[in-house]
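Keeping their order, the protein sequence lines are chains A and B.
So for the first sequence, my numbering puts the first residue at 1; every next one is plus one.
So for the second sequence, my numbering puts the first residue at 1; every next one is plus one.
Idealized CB from N, CA, C, for every residue including glycine.
Quick caveat: nothing in here was measured; it's all calculated off a predicted structure.
Below is one structure, written out as structure tokens; comments come after it.
Number of protein chains: 2
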Amino acid sequence: MALKDVIAGSRNEEGIAAVLGMLKQQFGDRFQKGQSFREQHTHTTTYLTPQLPDGVVFVESSADVGAVVKVCAAHRVPVIPFGTGSSLEAHLNAPSGGVSIDFSRMNRVLSVNAEDLDCTVEPGITREELNTYLRDTGLFFPIDPGANASIGGMAATRASGTNAVRYGTMKDNVLALTVIGADGEEIRTAHRARKSAAGYDLTRLYVGSEGTLGVITSVTLKLQGIPEKIGGGLCGFPSLKAACDAVIMTIQMGIPVARIELLDEMQIRACNLYSKLSLSEQPTLFVEFHGTDETVALQSAQFAEIVTEFGGDEFRWTVDAAERAQLWKARHNAYWASRALAPELSGLSTDVCVPISRLAECVAETQADIAETGFLAPIVGHAGDGNFHVLVLFDNKSPEDVVKAEAFTSRLTTRALSMDGTCTGEHGIGQGKISYLAQELPTALPVMRAIKRGLDPDDIFNPGKIFRL
Amino acid sequence: MALKDVIAGSRNEEGIAAVLGMLKQQFGDRFQKGQSFREQHTHTTTYLTPQLPDGVVFVESSADVGAVVKVCAAHRVPVIPFGTGSSLEAHLNAPSGGVSIDFSRMNRVLSVNAEDLDCTVEPGITREELNTYLRDTGLFFPIDPGANASIGGMAATRASGTNAVRYGTMKDNVLALTVIGADGEEIRTAHRARKSAAGYDLTRLYVGSEGTLGVITSVTLKLQGIPEKIGGGLCGFPSLKAACDAVIMTIQMGIPVARIELLDEMQIRACNLYSKLSLSEQPTLFVEFHGTDETVALQSAQFAEIVTEFGGDEFRWTVDAAERAQLWKARHNAYWASRALAPELSGLSTDVCVPISRLAECVAETQADIAETGFLAPIVGHAGDGNFHVLVLFDNKSPEDVVKAEAFTSRLTTRALSMDGTCTGEHGIGQGKISYLAQELPTALPVMRAIKRGLDPDDIFNPGKIFRL
Numbered sequence: 001m002a003l004k005d006v007i008a009g010s011r012n013e014e015g016i017a018a019v020l021g022m023l024k025q026q027f028g029d030r031f032q033k034g035q036s037f038r039e040q041h042t043h044t045t046t047y048l049t050p051q052l053p054d055g056v057v058f059v060e061s062s063a064d065v066g067a068v069v070k071v072c073a074a075h076r077v078p079v080i081p082f083g084t085g086s087s088l089e090a091h092l093n094a095p096s097g098g099v100s101i102d103f104s105r106m107n108r109v110l111s112v113n114a115e116d117l118d119c120t121v122e123p124g125i126t127r128e129e130l131n132t133y134l135r136d137t138g139l140f141f142p143i144d145p146g147a148n149a150s151i152g153g154m155a156a157t158r159a160s161g162t163n164a165v166r167y168g169t170m171k172d173n174v175l176a177l178t179v180i181g182a183d184g185e186e187i188r189t190a191h192r193a194r195k196s197a198a199g200y201d202l203t204r205l206y207v208g209s210e211g212t213l214g215v216i217t218s219v220t221l222k223l224q225g226i227p228e229k230i231g232g233g234l235c236g237f238p239s240l241k242a243a244c245d246a247v248i249m250t251i252q253m254g255i256p257v258a259r260i261e262l263l264d265e266m267q268i269r270a271c272n273l274y275s276k277l278s279l280s281e282q283p284t285l286f287v288e289f290h291g292t293d294e295t296v297a298l299q300s301a302q303f304a305e306i307v308t309e310f311g312g313d314e315f316r317w318t319v320d321a322a323e324r325a326q327l328w329k330a331r332h333n334a335y336w337a338s339r340a341l342a343p344e345l346s347g348l349s350t351d352v353c354v355p356i357s358r359l360a361e362c363v364a365e366t367q368a369d370i371a372e373t374g375f376l377a378p379i380v381g382h383a384g385d386g387n388f389h390v391l392v393l394f395d396n397k398s399p400e401d402v403v404k405a406e407a408f409t410s411r412l413t414t415r416a417l418s419m420d421g422t423c424t425g426e427h428g429i430g431q432g433k434i435s436y437l438a439q440e441l442p443t444a445l446p447v448m449r450a451i452k453r454g455l456d457p458d459d460i461f462n463p464g465k466i467f468r469l
Numbered sequence: 001m002a003l004k005d006v007i008a009g010s011r012n013e014e015g016i017a018a019v020l021g022m023l024k025q026q027f028g029d030r031f032q033k034g035q036s037f038r039e040q041h042t043h044t045t046t047y048l049t050p051q052l053p054d055g056v057v058f059v060e061s062s063a064d065v066g067a068v069v070k071v072c073a074a075h076r077v078p079v080i081p082f083g084t085g086s087s088l089e090a091h092l093n094a095p096s097g098g099v100s101i102d103f104s105r106m107n108r109v110l111s112v113n114a115e116d117l118d119c120t121v122e123p124g125i126t127r128e129e130l131n132t133y134l135r136d137t138g139l140f141f142p143i144d145p146g147a148n149a150s151i152g153g154m155a156a157t158r159a160s161g162t163n164a165v166r167y168g169t170m171k172d173n174v175l176a177l178t179v180i181g182a183d184g185e186e187i188r189t190a191h192r193a194r195k196s197a198a199g200y201d202l203t204r205l206y207v208g209s210e211g212t213l214g215v216i217t218s219v220t221l222k223l224q225g226i227p228e229k230i231g232g233g234l235c236g237f238p239s240l241k242a243a244c245d246a247v248i249m250t251i252q253m254g255i256p257v258a259r260i261e262l263l264d265e266m267q268i269r270a271c272n273l274y275s276k277l278s279l280s281e282q283p284t285l286f287v288e289f290h291g292t293d294e295t296v297a298l299q300s301a302q303f304a305e306i307v308t309e310f311g312g313d314e315f316r317w318t319v320d321a322a323e324r325a326q327l328w329k330a331r332h333n334a335y336w337a338s339r340a341l342a343p344e345l346s347g348l349s350t351d352v353c354v355p356i357s358r359l360a361e362c363v364a365e366t367q368a369d370i371a372e373t374g375f376l377a378p379i380v381g382h383a384g385d386g387n388f389h390v391l392v393l394f395d396n397k398s399p400e401d402v403v404k405a406e407a408f409t410s411r412l413t414t415r416a417l418s419m420d421g422t423c424t425g426e427h428g429i430g431q432g433k434i435s436y437l438a439q440e441l442p443t444a445l446p447v448m449r450a451i452k453r454g455l456d457p458d459d460i461f462n463p464g465k466i467f468r469l
């Protein structure tokens, strides 16, 4: 049993059969329709029931993608791009069947322009592969959503993560895209100039469109210089409010903190158990600074003053990589530590984001709500952005638990929206949050639908995601 | 005589007559159709021939805008939003006639959330009015396009300016918008959360859409803390290449320079004459740093090292406001200094942007081109972004000069595009650059047109801008 059982679309059986035959002929062994391939391509970290595609094409070029889209468009068969399968809201489900486009073989770096701090890559490359490739250039790509996701998938879902507070999200770090449109032809959204006022910002329209408007076939990214020094540390606070006030002050003072993560009491307890630590069980901030010896020391000193002002514990920090890893151990293992609280249960990872002035209030109300449900549900937040996740541990075989978990996430979303927040800071809508998007942006939905109809009139691109047409 | 005489659209006389009558009835004295009002609302800094609207409504609320759009939509009559009239590419022309919506009375600050570093304003407020309002909060809105433009106009044209290198452009600084769509109803594009992955990024679709997709009626902006200290300075370089290399190194080292402006030899000569200075006539960088005493000193020292490395003159800088103004005098007066080189001539302000690795080459080729034309045409660049402007001084009564100026801007654009640049870093497309956009993004244009048709099927929103349908 899964939460909110997903809605099946109508299948165009005749079209699908025709497309499968043609793709087999065209792609040979690079086309697969065995059960295991189909399962693999919806087996993600989502809590929603998988809906399998009818076949999988392993593409190797933008021309391949164009060919697949042309065949599918001619027969009105869905096309669903697949990166690494780390999305959380059933973005890869095939409610009306169709063809999964697997990008694992399109993972090359096409160019690096070190002087311009940019590179162009194929969408299948993962962020870790890219950073390994870049190491010798002294540059890196900062966005870190946790999972070793593909760059194409990260662009498609407007991913961010722990260091968005300093480096922004994918919307801020994609300079240009090539995309295959509904006619199977390639669209170039922009050139490499750092800024442009030339027409509609198609780059940012496709970023976050979750594959519903076209299929990304190359991504031009901004890069950053690898920091000379990274400083990291942590400190506990007497209350959630104190921790959040310290975050607000840090941001207001313009301290360019690279990461500032909030773990609540239950999360710290889980980390202590899992990683054999003895952190005080209180709201705790984990911070990281990027810069030179000089600037990291300066920023750490400024932050330490703020910590004192809000009654935090002594701020322990270091620029030694091994020590830093030790200090940050709790944060790094937070997810597995939470799961280990009750290994027999399933985990539902939520995702809301509120203005930071409301973060303490939103987290506190959510903790009270959790206490009433009786769930084990630790909280981790990208506090600098007001974004936080609750990992609800629940028994997905118990109808009662499922209903309760669903009701909890609905209340959490309503709470975040009432504080001028969003139902998703970084996980996206997929199938899982369609009703929440409608709740959040009711007047924007008709505009989104009009765009979808304009660019994908036959609804072949990842249908049934973001909204129902 | 003007450059590239603008193309008139077809006028829907019957609809226009009906709308003028209804608006008079509905808005009384807040509706005007006298010649002087009509002229005022296209009298901008553009070099293109004005095309007057048929009437002007002075709106006072989003509901007013909705009412105007409803009347105009019912009769298929164009609607053209007007902020302060500082756009450069004839964004405000009315090639098919229609109604200008004047926002000067919609200039209130609706809310300031100091802890969240954001505010929401009506679109008619100018950036200087906003910053005056904010002064006591310790916050400011950084984007500075030179002109005291309206925030709505800046959002609509994706404006930026001198400090985009640090703070980004309007696309990076607008959190949310309300927009009146083609049915006259209000659309809210996002909530106030710092980031969101909830559906298509409509905020950034409307930013830069130049009024062609709807009419903005409120803007939620990111704000910054007013820097404790501002340091400013300048230094000359032996060559354009050396100056640009210093810029590249500054950016690569991650020095968070707030402004880094390049003035070429001719611009410095003009400034010397106009402001009675005695700067050495060589490519010169003007820089500004924002921070604390400590960080400004640190950044200035790092920059000074870079200057030395590339053979620049001694880097003179100061944190004293009066001295800084003196050092930056040449930059502040650059436009008027250029115009004073030949007060009898007209000025054509161009705008291209290239990857910074190509900036020196692009500027040098452009200088050679200018020399061949015989024009006086100083160059000022927002070097950190690779964005530069040529102010071509030409006789707009001489057909020969007009043709020559036109040919020059066309070559400049082609040159920038060949270097992976854009035909406009910040001025936008309007009417003036329609052909250049088609040259720059040929495969993206059909997508833009499909979006336009989807959101504005009767083409009432600022028709004839960005592209021809």
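I need the DSSP call for B/Thr409, collapsed to helix, strand or coil.
Here residue 409 of chain B corresponds to residue number 409 of the second sequence, with the count starting at 1. If DSSP states are grouped into helix, strand and coil, B/Thr409 belongs with the helices.
Which chain B residues are close to A/Val447, counting only those with a beta carbon under 9 Å from its beta carbon?
Start at 1 with the first residue of the first sequence, and residue 447 of chain A comes out as number 447. Within 9 Å Cβ-Cβ: Val179, Gly181, Ile187, Thr189, Tyr200, Leu202, Leu205, Leu213, Gly214, Gly454, Leu455.
Hey, could you find the ends of the beta strand (DSSP E) B/Asp118 is sitting in?
In the second sequence, residue 118 of chain B corresponds to position 118, counting from 1. Segment 118-121, the beta strand (DSSP E) holding B/Asp118.
Is the stretch 181-194 of chain A touching the stretch 187-196 of chain B in the sense that three or more CB pairs, one from each, lie closer than 8 Å?
Segments in contact, no.
Output the distance between the C-alpha atoms of A/Ser96 and A/Glu309, rounded to the nearest integer angstrom.
As a position in the first sequence, residue 96 of chain A is number 96, starting the count at 1. As a position in the first sequence, residue 309 of chain A is number 309, starting the count at 1. If you take the alpha carbons of A/Ser96 and A/Glu309, they lie about 56 Å apart.
Just list the beta strand (DSSP E) runs in the stretch 216-243 of chain B, keeping only unbroken ones of 3 residues or longer that don't cross its boundaries, in chain order.
Entirely contained in the stretch 216-243 of chain B, the beta strand (DSSP E) runs reaching 3 residues are, in chain order, 229-236.
With the cut-off set at 8 Å, would you say B/Gly9 and B/Gly311 are in Cβ contact?
On the second sequence, residue 9 of chain B is found 9 positions in, with the first residue counted as 1. On the second sequence, residue 311 of chain B is found 311 positions in, with the first residue counted as 1. Against a cut-off of 8 Å, the Cβ pair of B/Gly311 and B/Gly9 comes out as no contact.
Closest Cβ-Cβ distance between A/Lys276 and chain B: below 8 Å?
Locating residue 276 of chain A in the first sequence gives position 276, where the first residue counts as 1. So no, A/Lys276 is outside the interface.
From B/Thr284 to A/Arg108, what distance separates their C-alpha atoms?
Stepping through the second sequence from its first residue, residue 284 of chain B is reached at position 284. Stepping through the first sequence from its first residue, residue 108 of chain A is reached at position 108. Their Cα atoms are separated by approximately 40 Å.
Does any residue of chain C bring its CB to less than 8 Å from the CB of B/Ala304?
As a matter of chain content, chain C is missing from the structure shown, whose protein chains are A and B.
I'd like the list of long-range same chain contacts for A/Pro227, defined as Cβ closer than 7 Å, with 5 residues on each side in sequence excluded.
Mapped onto the first sequence, residue 227 of chain A falls at position 227. Cβ neighbours of A/Pro227 beyond the five flanking positions: His290, Gly291.
Using a Cβ-Cβ cutoff of less than 6 Å, which residues in the same chain neighbour A/Asn148 once the five nearest sequence positions on both sides are dropped?
Here residue 148 of chain A refers to the residue found at position 148 of the first sequence. Counting only Cβ-Cβ distances below 6 Å, and skipping sequence neighbours, we find Thr126, Glu128.
Whole beta strand (DSSP E) runs in the stretch 293-352 of chain A with 3 or more residues, listed along the chain?
Segments of the beta strand (DSSP E) lying fully in the stretch 293-352 of chain A: 316-318, 346-349.
From B/Glu305 to A/Ala258, what does the alpha carbon distance come to, in whole angstroms?
Position 305 of the second sequence, counting from 1, holds the residue named residue 305 of chain B. Position 258 of the first sequence, counting from 1, holds the residue named residue 258 of chain A. Their backbone Cα atoms lie some 26 Å apart in a straight line.
Output, in chain order, the set of chain A residues within a Cβ distance shorter than 9 Å of B/Ile451.
Translated into positions along the second sequence, residue 451 of chain B becomes position 451. Near B/Ile451 (Cβ distances below 9 Å), the residues of chain A are Tyr200, Leu202, Leu205, Ala450, Ile451, Gly454, Leu455.
If contacts are defined as beta-carbon pairs under 8 Å, then B/Thr217 and B/Thr157 qualify, I think. What distance do you get, rounded to the angstrom?
As a first step, residue 217 of chain B must be located in the second sequence, where it is residue number 217. As a first step, residue 157 of chain B must be located in the second sequence, where it is residue number 157. No, B/Thr217 and B/Thr157 are not in contact; Cβ-Cβ is about 17 Å, not under 8 Å.
Does the count of Cβ pairs from the stretch 160-169 of chain B and the stretch 380-397 of chain B closer than 8 Å reach three?
At 8 Å Cβ cutoff, the stretches touch.
Figure out for me which residue from B/Ala360, B/Pro81, B/Gly225, B/Ser87 has the closest Cα to the Cα of B/Arg105.
Counted from its first residue, the second sequence places residue 105 of chain B at position 105. When each option's Cα is compared against that of B/Arg105, the closest is B/Pro81.
When you compare only the Cα positions, how much space is there between B/Val65 and B/Thr212?
The count along the second sequence starts at 1 and reaches residue 65 of chain B at position 65. The count along the second sequence starts at 1 and reaches residue 212 of chain B at position 212. The straight-line gap from Cα to Cα measures roughly 15 Å.
Is the CB of B/Cys72 under 8 Å away from at least one CB in chain A?
Position 72 of the second sequence, counting from 1, holds the residue named residue 72 of chain B. For B/Cys72, the answer is no, since every Cβ of chain A falls outside 8 Å of its Cβ.
Closer than 7 Å, Cβ to Cβ, to anything on chain B: give me those residues from the stretch 335-368 of chain A, in chain order.
Answer set for the stretch 335-368 of chain A: Cys353, Val354, Pro355, Ile356, Ser357.
Who pairs with B/Ala176 in a beta bridge, going by DSSP?
Position 176 of the second sequence, counting from 1, holds the residue named residue 176 of chain B. Answer is B/Thr220.
Could you round the C-beta distance between B/Thr49 and B/Val6 to whole angstroms and report it? I think they count as a contact, below 8 Å.
For this step, residue 49 of chain B is matched to residue 49 along the second sequence. For this step, residue 6 of chain B is matched to residue 6 along the second sequence. That belief holds up - the Cβ atoms of B/Thr49 and B/Val6 are roughly 5 Å apart, short of 8 Å.
Locate the alpha helix (DSSP H) running through B/Thr284, then write down its first and last residues.
The residue you call residue 284 of chain B lines up with position 284 of the second sequence. First-last for B/Thr284: 284-291, but that is the beta strand (DSSP E), not the alpha helix (DSSP H).
Of the residues A/Ser209, A/Cys119, A/Gly124, A/Ala270, which one's Cα is nearest the Cα of A/Leu134?
By one-based count along the first sequence, residue 134 of chain A stands at place 134. Of the candidates A/Ser209, A/Cys119, A/Gly124, A/Ala270, the one whose C-alpha sits nearest the C-alpha of A/Leu134 is A/Cys119.
Counting only C-beta atoms, is B/Leu441 closer than 8 Å to chain A at any point?
On the second sequence, position 441 is the one that residue 441 of chain B refers to. By this cut-off, B/Leu441 is an interface position.
Evaluate contact between the stretch 23-41 of chain A and the stretch 49-63 of chain A, counting only Cβ atoms and requiring at least three cross-stretch pairs below 8 Å.
Yes: at least three Cβ pairs fall under 8 Å.
Where DSSP assigns a beta bridge to B/Val392, which residues make up the other side?
As a first step, residue 392 of chain B is located in the second sequence; it is residue number 392 there, counting from the start. Paired residues: B/Leu348.
Counting along the chain, where does the beta strand (DSSP E) carrying B/Arg188 start and finish?
In the second sequence, residue 188 of chain B corresponds to position 188, counting from 1. Counting along the chain, the beta strand (DSSP E) containing B/Arg188 begins and ends at 186-188.
Using a cut-off of 8 Å between C-beta atoms, extract the partners of B/Lys24 located in chain A.
Residue 24 of chain B sits at position 24 when you count from the first residue of the second sequence. Here the premise fails: no neighbours, minimum Cβ distance about 30 Å.
Is the Cβ-Cβ distance between A/Ala182 and A/Ile460 less than 8 Å?
The sequence position of residue 182 of chain A within the first sequence is 182, counting from 1. The sequence position of residue 460 of chain A within the first sequence is 460, counting from 1. Going by C-beta atoms, A/Ala182 is nearer than 8 Å to A/Ile460.
Would you mind telling me which residues of chain A sit closer than 9 Å to B/Lys229, beta carbon to beta carbon, in chain order?
Locating residue 229 of chain B in the second sequence gives position 229, counting from the first residue. Neighbours of B/Lys229 on chain A: none; closest Cβ ~12 Å, over 9 Å.
Run the CB neighbour count on A/Val433, radius 10 Å, all protein chains shown included, and call it buried at 16 or more, exposed below.
As a working note, residue 433 of chain A is residue 433 in the first sequence. First, the residue type needs correcting, since residue 433 of chain A is Lys and not Val in the sequence shown. Answer is buried; the Cβ neighbour count reaches 16.
What residues in its chain sit with their C-beta under 6 Å from that of B/Gly83, if we drop five residues either side in the sequence?
Stepping through the second sequence from its first residue, residue 83 of chain B is reached at position 83. Within the same chain, B/Gly83 has close Cβ partners Phe103, Ser150, Gly152, Gly153.
Measuring only between beta-carbons, confirm whether A/Cys423 sits less than 8 Å from chain B.
For the purposes of this step, residue 423 of chain A is taken as residue 423 along the first sequence, with counting starting at 1. Yes - at least one Cβ of chain B is within 8 Å of the one on A/Cys423.
For B/Gln267 and B/Ser280, what's the separation of their Cα atoms in angstroms?
In the second sequence, the residue the question calls residue 267 of chain B occupies position 267. In the second sequence, the residue the question calls residue 280 of chain B occupies position 280. Between B/Gln267 and B/Ser280, the C-alpha separation is close to 11 Å.
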